[in-house]
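Chemist: Position 78 of the sequence shown, counted from 1, bears residue number 210 in my numbering, the numbering being contiguous throughout.
Virtual Cβ for every residue (Gly too), placed ideally from N, Cα, C.
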Amino acid sequence: MLPRKASYRLEALPTGDPESRSYSLRIESQDNSARTRFLQVFHVNAGGPQNSRAHSELIAKGGEPEIVISTSRRAFRLNLPPPSEGAGEIAISMAGGKALLENRPLPSGILPHGPEGSRLLERWDADYRASRPPAWDIGRPADELRRVVSEGAVRKCRAVDLCCGSGSDAIYLARQGFDVTAIDVAPTALSQAEQKARRAGASVRWVLADVLKPPSLDPFDFIYDRGCYHVVRNQNVAAYLETVRRLSRPGTQFLLLAARRDGQASNEGTEGVTEEELRFDFLPLFNLDSLREIRLESNRPGMSPPGWAALLRRAAKP
Numbered sequence: 133m134l135p136r137k138a139s140y141r142l143e144a145l146p147t148g149d150p151e152s153r154s155y156s157l158r159i160e161s162q163d164n165s166a167r168t169r170f171l172q173v174f175h176v177n178a179g180g181p182q183n184s185r186a187h188s189e190l191i192a193k194g195g196e197p198e199i200v201i202s203t204s205r206r207a208f209r210l211n212l213p214p215p216s217e218g219a220g221e222i223a224i225s226m227a228g229g230k231a232l233l234e235n236r237p238l239p240s241g242i243l244p245h246g247p248e249g250s251r252l253l254e255r256w257d258a259d260y261r262a263s264r265p266p267a268w269d270i271g272r273p274a275d276e277l278r279r280v281v282s283e284g285a286v287r288k289c290r291a292v293d294l295c296c297g298s299g300s301d302a303i304y305l306a307r308q309g310f311d312v313t314a315i316d317v318a319p320t321a322l323s324q325a326e327q328k329a330r331r332a333g334a335s336v337r338w339v340l341a342d343v344l345k346p347p348s349l350d351p352f353d354f355i356y357d358r359g360c361y362h363v364v365r366n367q368n369v370a371a372y373l374e375t376v377r378r379l380s381r382p383g384t385q386f387l388l389l390a391a392r393r394d395g396q397a398s399n400e401g402t403e404g405v406t407e408e409e410l411r412f413d414f415l416p417l418f419n420l421d422s423l424r425e426i427r428l429e430s431n432r433p434g435m436s437p438p439g440w441a442a443l444l445r446r447a448a449k450p
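1. If you measure between the beta carbons of N368 and P265, is that distance less than 8 Å?
2. So is D149 buried or exposed if we call it buried at 16+ other beta carbons inside 10 Å?
3. By the DSSP assignment, the alpha helix (DSSP H) with P247 in it spans what residues?
4. Run through DSSP, which three-state label would S323 get?
5. Closest to P476 by CA distance: which of K328, D311, V364 and L210 is it?
6. Take F418 and list the residues in its own chain whose beta-carbon comes closer than 7 Å to its own, dropping the five residues that flank it on each side.
7. For P416, count the other beta carbons within 10 Å of its own beta carbon; 16 or more makes it buried, fewer makes it exposed. Which is it?
8. Among V292, D275 and S250, which has the Cα closest to the Cα of S348?
9. With V339 and T313 assumed to form a contact (beta carbons below 8 Å), what rounded beta-carbon distance in angstroms separates them?
10. From which residue to which residue does the alpha helix (DSSP H) around D275 run?
11. In three-state terms, what does DSSP make of L410?
12. Would you mind stating whether I224 and R206 have Cβ atoms separated by less than 8 Å?
13. Can you check the region 301-372 for any beta strand (DSSP E) of at least 3 residues that lies completely inside it and give the ranges in chain order?
14. So, using beta-carbon positions, are E315 and C289 closer together than 8 Å?
15. If distances are taken between C-alpha atoms only, which option among P146, V336, R278 and A219 comes closest to S298?
16. Within the same chain, show all residues whose beta-carbon is closer than 8 Å to that of M226, passing over the 5 residues directly before and after it, in chain order.
17. Taking the Cβ atom as the reference point for each residue, do D342 and L238 lie within a distance shorter than 8 Å?
18. Does DSSP put R432 in a helix, a strand or coil?
19. Mind reading off the beta-carbon distance from R365 to V405? Whole number of angstroms is fine, and I expect it under 8 Å.
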């Protein structure tokens, strides 16, 4: 799906392998529209008989387009709402109708790509496909989040949960009356989160995206991060801080739960950050309302690393 006023050029790239084909798609918008656009690129291997082909069908369903791409073996069903409502969903089934993949959100923003990006995506998604949930997925909202909400330090508003995992914290906020958007890069985690939200009767906007390159979103009144910052800090702290800047405005509150270390690497499973590093990263843009030493909750017995609970507030414009 391309902007209405756009030029595009498809160029074949040399691969050195006569059996392999690679292409570059260049798109240039011819207007200055700020509307959100999504470009989804799929490669469908037809499989089956040698001469079989992939077929596509565009269906108007409830006022929203649905694209079905089918081969002799499988069908890929894409639900594509207006861009303002998100990137849409994908479901995959066998040709006979047996579901292989229930509805999952299509990606927004720019996901990690290339060999290293693929390994990163697989690493995070595999945690949620394992026989038991990852250690940080405690199956309930974090105590610190419940505390700031129950004490009235943070009141219901538009909120975003960064690296939301299977959604326990986002669902809690939604049930407390918050208007919640939740972002994660692991599609299996978001699939689990959607199922949990349906059971809880909670409404959350789930976004499949990389927090370092998220889609364009309006600023929020409350940002929540449990365990994301201290992981990505050594990868690209500048991109993370830019995301936080874009998602906030003067007065935005930010609850940050991060692993703690006191000048040396922690021996409890994660490096963490020092108080000096935390202040250095955030205080140019935020004021620090409170900073508490805590233990990060875990579903593994005896595994509860030291952490920080920082409640920050975006500073007023100079």
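Modeler: To lay it out plainly:
1. Indexing the sequence shown from 1 puts residue 368 at position 236. Indexing the sequence shown from 1 puts residue 265 at position 133. No, the Cβ-Cβ distance between N368 and P265 is not below 8 Å.
2. Counting from one through the sequence shown, the residue named residue 149 turns up at place 17. Exposed.
3. Within the sequence shown, numbered from 1, the residue matching residue 247 stands at position 115. Its alpha helix (DSSP H) spans residues G246 to R261.
4. Along the sequence shown, read from residue 1 onward, the residue named residue 323 stands at position 191. In the structure shown, S323 sits in a helix (DSSP, three-state: H, G or I).
5. Outside the displayed span of the chain (133 to 450) sits residue 476, for which this structure offers no information.
6. By one-based count along the sequence shown, residue 418 stands at place 286. Correct list, in chain order: F386, L444, R445, R446 and A447.
7. Working through the sequence shown from its first residue, we reach residue 416 at position 284. It counts as exposed.
8. The sequence position of residue 348 within the sequence shown is 216, counting from 1. Comparing Cα positions, the closest option is V292.
9. Here residue 339 is taken as the residue at index 207 of the sequence shown, counted from 1. Here residue 313 is taken as the residue at index 181 of the sequence shown, counted from 1. Indeed, because the Cβ distance is near 6 Å, the residues count as touching under 8 Å.
10. Within the sequence shown, residue 275 is the residue found at index 143, counting from 1. Residues D275 to S282.
11. Position 278 of the sequence shown holds residue 410. Note: L410 maps to helix in three-state DSSP.
12. Taking the sequence shown and counting its residues from 1, the one referred to as residue 224 is at position 92. Taking the sequence shown and counting its residues from 1, the one referred to as residue 206 is at position 74. Cβ atoms of I224 and R206: closer than 8 Å.
13. 311-316, 336-340 and 354-358
14. Reading the sequence shown from its first residue, position 183 is the one you call residue 315. Reading the sequence shown from its first residue, position 157 is the one you call residue 289. Looking at the sequence shown, residue 315 is not Glu but Ile. Contact flag unset, no.
15. Position 166 of the sequence shown, counted from the start, is the residue given in the question as residue 298. The candidate whose alpha carbon is nearest that of S298 is V336.
16. As a working mapping, residue 226 is identified with position 94 in the sequence shown. Cβ neighbours of M226 beyond the five flanking positions: R205, R206, A207 and L232.
17. Within the sequence shown, numbered from 1, the residue matching residue 342 stands at position 210. Within the sequence shown, numbered from 1, the residue matching residue 238 stands at position 106. Cβ distance not < 8 Å, so D342 and L238 don't count as in contact.
18. Here residue 432 refers to the residue found at position 300 when the sequence shown is read from its first residue. In this structure, R432 counts as coil in the three-state DSSP scheme.
19. Counting from one through the sequence shown, the residue named residue 365 turns up at place 233. Counting from one through the sequence shown, the residue named residue 405 turns up at place 273. With a Cβ gap of about 6 Å, R365 and V405 count as contacting.
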